[in-house]
Amino acid sequence: MSGKAQTAETLLVLLDSIERKLLENKVDEEQATKLATLIVDDFRHQCGGMSVYIPKGVGLDAILKHNQIYQDFRGNNHTELAKKYGYSEQRIYQIVRAIHAAESKRIQPELF
251 MSGKAQTAET
261 LLVLLDSIER
271 KLLENKVDEE
281 QATKLATLIV
291 DDFRHQCGGM
301 SVYIPKGVGL
311 DAILKHNQIY
321 QDFRGNNHTE
331 LAKKYGYSEQ
341 RIYQIVRAIH
351 AAESKRIQPE
361 LF
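Under my numbering, the sequence shown has 325 at position 75, and the numbering climbs by one with no breaks.
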């Protein structure tokens, strides 16, 4: 496949992905197509000519999962969360402790 064909295919995959997610979120078909086209067009203008790497997002998935664990945490439900998310209770403690520390630091930064 030529570079131009591969580029066009990549943009079409992006367009299709955005449009599909809009439709899944109850945006009507005409509006979904219009918005997806605008988003891809903006992406082309912002990143056109650049070599763009799109990661699989494994790190982001973990961050989102950990944040959900923290939101679900009630102080006494480590066992329940461990079963729900497939972690050990000790790992749940670590996740909650790490996010709590980060939140505390964000809310109340060091004075000096």
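Just so you know, even glycine gets a beta-carbon here, dropped at the ideal spot from N, CA and C.
- For ARG294, the uninterrupted alpha helix (DSSP H) segment begins and ends at 279–297.
- Here the C-alpha atom of GLU269 lies approximately 15 Å from the C-alpha atom of ASP292.
- Here ILE304 carries a coil assignment [DSSP, helix/strand/coil].
- Taking the Cα of LEU261 as reference, the smallest distance to any Cα among ALA286, GLU279, LYS271 is reached at ALA286.
- Beyond the five residues adjoining it in sequence on each side, ARG347 comes within less than 7 Å, by CB distance, of no other residue in the same chain.
- Residue ILE319 holds the alpha-carbon nearest to the alpha-carbon of GLU339 among SER252, ILE319, GLU353, ILE357.
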